[in-house]
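**Q** The structure follows.
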Amino acid sequence: MLEVDAIHTFYGESHVLQGASLAVRPGEVVALLGRNGAGKTTLVRSVVGFERPRRGRIAWEGAAIQGLPPYQIARRGVGLVPQGRRIFAPLSVAENLAFAARTGPWTTERVYALFPRLRERAGQGGGTLSGGEQQMLAIGRALLTNPRLLLLDEPSEGLAPLVLREVGRVLAALKSEGLGMLLVEQNLPQALRVADRVYVLSRGQVVYHGSPGELAANEEVKRRYLGVQ
Numbered sequence: 000m001l002e003v004d005a006i007h008t009f010y011g012e013s014h015v016l017q018g019a020s021l022a023v024r025p026g027e028v029v030a031l032l033g034r035n036g037a038g039k040t041t042l043v044r045s046v047v048g049f050e051r052p053r054r055g056r057i058a059w060e061g062a063a064i065q066g067l068p069p070y071q072i073a074r075r076g077v078g079l080v081p082q083g084r085r086i087f088a089p090l091s092v093a094e095n096l097a098f099a100a101r102t103g104p105w106t107t108e109r110v111y112a113l114f115p116r117l118r119e120r121a122g123q124g125g126g127t128l129s130g131g132e133q134q135m136l137a138i139g140r141a142l143l144t145n146p147r148l149l150l151l152d153e154p155s156e157g158l159a160p161l162v163l164r165e166v167g168r169v170l171a172a173l174k175s176e177g178l179g180m181l182l183v184e185q186n187l188p189q190a191l192r193v194a195d196r197v198y199v200l201s202r203g204q205v206v207y208h209g210s211p212g213e214l215a216a217n218e219e220v221k222r223r224y225l226g227v228q
């Protein structure tokens with residue numbers, strides 16, 4: 000489905016991704032872990048077309064997509080829940096959802112069923128929502144693009160424990176429906192609960208790849224690259 004092959008992405012002269020590679024198969028949940036500054040968000044931005052790698056290849060269903068504008072990548076079935084949510088604060092919840100909606104199995108009604116709180120706040124301005132509600136809106140908005148692969152960049156960031164459990168429930172539900180996901184996370188337990196495979200990124204390079212169980216048992220990798228004592 001998605002193949003990232005030895006990409007090198009720069010910000011100016013800063014060499015952020017240094018030959019990073021990963022793959023996501025259809026219906027699979029892959030977690031991308033690492034400390035702050037490891038290059039996780041840059042990898043996501045490279046996949047969706049916000050940044051263009053100087054070297055390497057990004058392929059979607061076998062066709063190279065690096066260099067395509069973001070809207071063309073989105074139209075091919077790649078959805079994004081960006082870090083920081085990036086909702087349209089002046090628009091209502093309903094307007095945020097309507098803005099993203101495309102024809103497909105995911106409808107506004109189905110998003111409201113997944114997140115009943117959004118239905119309750121449909122007429123409320125996006126900027127007045129709590130952080131957890133904004134995250135629900137960001138996920139719902141991405142689902143309404145009807146993606147076949149959903150990229151989630153730090154969906155647990157800044158969430159209270161109760162909301163964090165709700166996001167975990169939603170990710171598990173999406174996984175059970177066969178939606179492929181690339182999950183960027185710093186919350187290790189959350190990532191290990193939902194992922195099929197795990198990559199660890201450090202200084203722009205993949206330094207570990209394995210199953211959640213293998214990573215959970217590898218104290219050296221967790222200590223050295225994830226700061227888990």
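Residue numbering for the sequence shown follows numbering that gives the first Met the number 0, starting at 0 and increasing by one per position.
C-beta atoms are modelled at their ideal positions from N, C-alpha and C, and glycine is treated no differently.
So for residue 164, helix, strand or coil by DSSP?
**A** Of the three classes helix, strand and coil, the one that applies to residue 164 here is helix, per DSSP.
**Q** Following the continuous beta strand (DSSP E) through residue 196, name the residue where it begins and the one where it ends.
**A** Looking at the DSSP string, the run of the beta strand (DSSP E) that includes residue 196 is 196-201.
**Q** Tell me whether residue 204 sits in a helix, a strand or coil according to DSSP, three-state version.
**A** Note: residue 204 maps to strand in three-state DSSP.
**Q** Cutting at 7 Å between CB atoms, please list the residues of its own chain near residue 51, excluding the five before and the five after it.
**A** Here the set comprises 65 and 66.
**Q** Using a Cβ-Cβ cut-off of 6 Å (strictly less than) and excluding sequence neighbours within five positions of residue 170, which residues of its own chain qualify?
**A** So the qualifying residues of the chain are 193.
**Q** With three or more C-beta pairs closer than 8 Å as the rule, is the region 196-211 touching the region 53-62?
**A** No contact exists between the region 53-62 and the region 196-211.
**Q** Apply the 10 Å Cβ neighbour rule to residue 12 and answer buried if 16 or more other Cβ atoms are within range, or exposed otherwise.
**A** So residue 12 ends up on the exposed side.
**Q** Pull up the CB-CB distance for residue 78 and residue 179, whole angstroms please, since I reckon it's below 8 Å.
**A** The pair is not a contact, with the Cβ atoms about 10 Å apart (cut-off 8 Å).
**Q** Could you work out which residue in 128, 148 and 83 is closest to residue 157 when comparing CA atoms only?
**A** It is 83.
**Q** Going by other Cβ atoms of all chains shown within 10 Å of its Cβ, with 16 needed for buried, is residue 132 buried or exposed?
**A** Buried: at least 16 other Cβ atoms inside 10 Å.
**Q** Relative to the C-alpha of residue 221, which residue among 203, 188 and 153 is closest?
**A** Residue 221 has its Cα closest to that of 188, out of 203, 188 and 153.
**Q** Whose C-alpha, out of 143, 37 and 148, is nearest the C-alpha of residue 104?
**A** It is 143.
**Q** From residue 42 to residue 198, what distance separates their C-alpha atoms?
**A** Answer to the nearest angstrom: the Cα atoms are 12 Å apart.
**Q** Decide yes or no for the touch test of the region 32-49 against the region 89-97: beta carbon pairs closer than 8 Å, at least 3 of them.
**A** No, they do not touch.
**Q** Quick one: Cα of residue 38 to Cα of residue 97, how far?
**A** When rounded, the distance between both Cα atoms is 32 Å.
**Q** Report the option in 70, 200, 224 and 219 whose CA atom is closest to the CA atom of residue 17.
**A** Closest by alpha carbon: 200.
**Q** Based on DSSP bridge pairs, tell me the residues matched to residue 17.
**A** 7, per the DSSP bridge assignment.
**Q** Looking at the structure shown, is residue 22 part of a helix, part of a strand, or coil, going by DSSP?
**A** Residue 22: strand per DSSP, three-state reduction.
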